[in-house]
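Student: My structure is below; once you've seen it, I'll send some questions.
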Amino acid sequence: MTKHTQETLRFHPVNGKTVRADFNGGELSSDFGALLLHEMAIRSELIPRLVKAIQDKRHQSYIDHSMQDLLTQRVLQMACGYQDANDSNHLRKDPMFKLAVGRSPLNAETHLASAPTCSRLGKGLSRRDIYDLAYAFAEHFLSSYKKPPKLAVIDLDHTASLTHGAQQYSLFNTKYGNTCYLPLMIFEGLSGKLITAILRPGKTPSGRENAAIVKRLLTLIRQSWPKTHLIIRGDSHFSQPELMRVVEQDKAADYVLGKGAGHPTALRPMSDESMAEARLCLQARTAYARLNKLPIPYRVRLYGEAQYQAKSWKGLDTRVIYKAEVNQMGDNPRFVVTSIKNASARCIYDQFYCPRGQDENYIKHLKNDLSCDRTSDMSFRANALRMYYACAAYVLHYEMRTTVLKDTEMQRAQPSTVIAKLFKIAVKVVEYKDRVSSRPKTHQAIIIRLYVRFDIS
Numbered sequence: 015m016t017k018h019t020q021e022t023l024r025f026h027p028v029n030g031k032t033v034r035a036d037f038n039g040g041e042l043s044s045d046f047g048a049l050l051l052h053e054m055a056i057r058s059e060l061i062p063r064l065v066k067a068i069q070d071k072r073h074q075s076y077i078d079h080s081m082q083d084l085l086t087q088r089v090l091q092m093a094c095g096y097q098d099a100n101d102s103n104h105l106r107k108d109p110m111f112k113l114a115v116g117r118s119p120l121n122a123e124t125h126l127a128s129a130p131t132c133s134r135l136g137k138g139l140s141r142r143d144i145y146d147l148a149y150a151f152a153e154h155f156l157s158s159y160k161k162p163p164k165l166a167v168i169d170l171d172h173t174a175s176l177t178h179g180a181q182q183y184s185l186f187n188t189k190y191g192n193t194c195y196l197p198l199m200i201f202e203g204l205s206g207k208l209i210t211a212i213l214r215p216g217k218t219p220s221g222r223e224n225a226a227i228v229k230r231l232l233t234l235i236r237q238s239w240p241k242t243h244l245i246i247r248g249d250s251h252f253s254q255p256e257l258m259r260v261v262e263q264d265k266a267a268d269y270v271l272g273k274g275a276g277h278p279t280a281l282r283p284m285s286d287e288s289m290a291e292a293r294l295c296l297q298a299r300t301a302y303a304r305l306n307k308l309p310i311p312y313r314v315r316l317y318g319e320a321q322y323q324a325k326s327w328k329g330l331d332t333r334v335i336y337k338a339e340v341n342q343m344g345d346n347p348r349f350v351v352t353s354i355k356n357a358s359a360r361c362i363y364d365q366f367y368c369p370r371g372q373d374e375n376y377i378k379h380l381k382n383d384l385s386c387d388r389t390s391d392m393s394f395r396a397n398a399l400r401m402y403y404a405c406a407a408y409v410l411h412y413e414m415r416t417t418v419l420k421d422t423e424m425q426r427a428q429p430s431t432v433i434a435k436l437f438k439i440a441v442k443v444v445e446y447k448d449r450v451s452s453r454p455k456t457h458q459a460i461i462i463r464l465y466v467r468f469d470i471s
C-alpha cells in the first residue's frame, strides 16, 4: 500500500523569522455557523413541523438516518450556502454539521447522509407530502406571533425558476423567454416573514387556481386570527374576479392588486386627462429649472380614480386607481384595483401598493443567497422539496436576524452577508474524556475552538 508523508510548508522569512505551515490541525471545519443554526432550529421548531408533514414510508429496519436528521442536515447545508445534494458527500464527515444534527463529531460510524440518500428522499415524496409541507410553513408563520396582530398584509408574487432539461411540468413562459417553473411566494408584507411557497408549472396561473390558494390560506389564518384585518396584495397576475370574490367574502379582508391597462381603448384613455396635465406640469418645471440653473425634475405624478368595471367583475365592489406619471423618459401610467373605500387614490397607490416591491428583495434572498431556484431534479416533487429546504433556511436566517442578531449591524443583513461574516469561521473540534471524582462514570466533553494554525519562529 502506498504511504504518503506530509511535509511542512516553508515560506519566505518575515522580519527575520521563518514561517512554516503544516496540515496537522486535527478535525477542522469552516462552518461554525452550522452550530449556530442548530440552536436556532431547536428554538424555532420549524423542522419538527416539516418532519411531521412527511409520511415516512421507508422500512425502519433498514435506515441509518431518521427523517429529522435528513431534513436538519439539508436545511442547515442550504442555510450555510451549500446548494446541492452532492455537497453532502463531503459535508457528511464535517464535525460541525455532525454536531448540528446531534451526532458525535469525531466518530467515523456517525457520518451523515450521502447525496444518494438525500436524493431518494425527494423522489419518494407523495403529492400529499408536498401539500402538507406548504401547510406546515403557514402554520409555523401563525405560531410565530404571540397574539393575533391587528393588521397583516399577505403579499403574493410569482418568480421564475429556470429549468435546463426535461423536468416534469417545465414549460416555456413568454414573459421570461425560457422554460421554467413559476413558483408562488407568499410573504407577510409588514415583517418580511415567509408564510408559505408553492412550486408551480411554468404557465401563467388562472383565476381559479389563484382563488383556490388564497381561499385555503384565508381559511387557515381565520382559525387563529378571526379578527385580524387582512390585505391581499399582488401584481396584475392576481387581478382576477375569482380571487377578488374570495376576498370580498371575508368581511375583514381587502385586496390591492395591480391592473394591466389591457386594450388601448378600454382602461388607458381614462387617465388621458391627468397624463396631459402631468406632461404640461413637467415641461413647465423643466423650463423653470433650466432658466434658474436648478436640478431638472425627473418626473411628475398625478393620481386619480377611473370609473371602470369589466364585464367579468359583475357583482364586485371595486375601485380602479391610477397613477398618471410622466418622466424624462416618457409616459408611465399604472393602474390598481382595490376594495378599500376610505382612502385616497394617492394613499392606496403609494402606501398600500408600492411597498409590495420589497418582496423582490425577499425573493432575491431566497434565489441568490439560498438557491431556492436550484430545481434541477427530473422529478417535480423532488424539486418542490429542494425549494422547501431553501424556504426553511430563509426562515431560520430571518429568525436569527430578528432575535439573536437584533440591534447589531447584521440585523438587516441579507443571508449571504451573514454567511460570509458569521458562519464561515474556521473551527477545530476536540473531544476529551475527563474523569470526574464525584461521578462513577466517564464524563465526555466536546470543545470547539476557533482555529488557525501557523508557526512563526
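Quick note on numbering: the sequence shown equals residues 15 to 471 in this note's numbering. Backbone N, C-alpha and C define an ideal beta-carbon position, used for all residues, glycine too. Keep in mind it's a predicted model, so treat the numbers as computed, not measured.
Alpha carbons only, please: which of Asp383, Arg360, Asn356, Asn341 is nearest the one belonging to Val350?
Tutor: Arg360
Student: Using only alpha-carbon positions, find the residue among Gly216, Ile246, Gln428 that is nearest to Asp383.
Tutor: Comparing Cα positions, the closest option is Gln428.
Student: In this structure, does DSSP put Ser430 in helix, strand or coil?
Tutor: helix
Student: What first and last residue would you give for the beta strand (DSSP E) that runs through His243?
Tutor: 243-248
Student: Quick check on Asn375: does DSSP put it in helix, strand or coil?
Tutor: The answer is helix: DSSP assigns Asn375 an H, G or I state.
Student: Using beta-carbon positions only, say whether Lys229 and Val270 come within less than 8 Å of one another.
Tutor: no
Student: Considering only the alpha carbon of each residue, which of Glu256, Phe46, Asp391 lies closest to Lys328?
Tutor: Glu256
Student: Provide the residue span of the alpha helix (DSSP H) that contains Val115, from first to last.
Tutor: 109-115
Student: If we count the other Cβ atoms within 10 Å of its Cβ and call it buried at 16 or more, is Thr332 buried or exposed?
Tutor: buried
Student: In whole angstroms, what is the alpha-carbon distance linking Asn192 and Phe186?
Tutor: About 5 Å.
Student: Out of curiosity, what's the CA-to-CA distance linking Thr22 and Arg34?
Tutor: About 6 Å.
Student: Leaving out five residues before and five after Ser430 in sequence, what residues of the same chain have Cβ atoms less than 6 Å from its Cβ?
Tutor: These residues qualify, in order along the chain: Asp383.
Student: Name the DSSP bridge partner or partners of Asn187?
Tutor: Asn192
Student: Would you list, in sequence order, the uninterrupted beta strand (DSSP E) runs of no fewer than 3 residues that lie entirely inside the segment 257-334?
Tutor: 267-273, 313-320
Student: Going by DSSP, what residues sit across from Arg24 in a beta bridge?
Tutor: Arg34
Student: According to DSSP, is Ala482 helix, strand or coil?
Tutor: Given a span of 15 to 471 for the chain in the structure shown, any question on residue 482 remains unanswerable.
Student: From Gly221, Met110, Ala292, Leu139, pick the residue whose C-alpha is nearest to that of His125; which is it?
Tutor: Here the closest residue by C-alpha is Met110.
Student: Are Val167 and Arg236 closer than 8 Å when you measure CB to CB?
Tutor: no
Student: Is it the case that the Cβ atoms of Leu296 and Pro309 are separated by a distance below 8 Å?
Tutor: no
Student: Could you give the DSSP three-state label for Ser102: helix, strand or coil?
Tutor: Three-state result, Ser102: helix.
Student: With a CB to CB cut of under 8 Å and the five nearest residues on each side skipped, what residues in its chain are close to Arg304?
Tutor: Ile310
Student: For Asp146 and Glu223, I'd like the C-alpha separation in whole angstroms.
Tutor: 18 Å
Student: If you count every other CB in all the chains shown that lies within 10 Å of the CB of Ala148, and 16 or more means buried, which is it?
Tutor: buried
Student: Contact between the segment 386-399 and the segment 128-148 is defined here as three or more beta-carbon pairs at a separation below 8 Å; is this criterion met?
Tutor: yes
Student: Does the segment 24-33 come within contact of the segment 431-444, defined as at least 3 CB pairs closer than 8 Å?
Tutor: no
Student: Taking the DSSP output, what are the residues bridged to Ser175?
Tutor: Tyr195
Student: Tell me whether the beta-carbon of Leu49 lies closer than 8 Å to the beta-carbon of Ala93.
Tutor: no
Student: Looking only at DSSP bridge pairs, what is Ala211 linked to?
Tutor: Met199
Student: Between the segment 373-390 and the segment 339-358, are three or more C-beta pairs nearer than 8 Å?
Tutor: By the Cβ criterion, the segment 373-390 is not in contact with the segment 339-358, since fewer than three pairs of Cβ atoms, one from each stretch, lie closer than 8 Å.
Student: Report the residue from Asn341, Pro283, Ser220 whose alpha carbon sits nearest the alpha carbon of Met258.
Tutor: Ser220
Student: In whole angstroms, give me the CA-to-CA distance for Arg299 and Glu287.
Tutor: 19 Å
Student: Using CA coordinates, which residue listed in Leu419, Ile200, Ile354 is at the minimum distance from Leu380?
Tutor: Ile200
Student: Name the two residues that bound the continuous alpha helix (DSSP H) containing Glu53.
Tutor: 47-58
Student: Reducing DSSP to helix, strand and coil, say where Glu423 ends up.
Tutor: coil
Student: Roughly how many whole angstroms lie between the Cα atoms of Ala150 and Leu64?
Tutor: 6 Å
Student: Using DSSP's beta-bridge definition, name the partner residues of Glu41.
Tutor: Note: Glu41 sits in a beta bridge opposite Val443.
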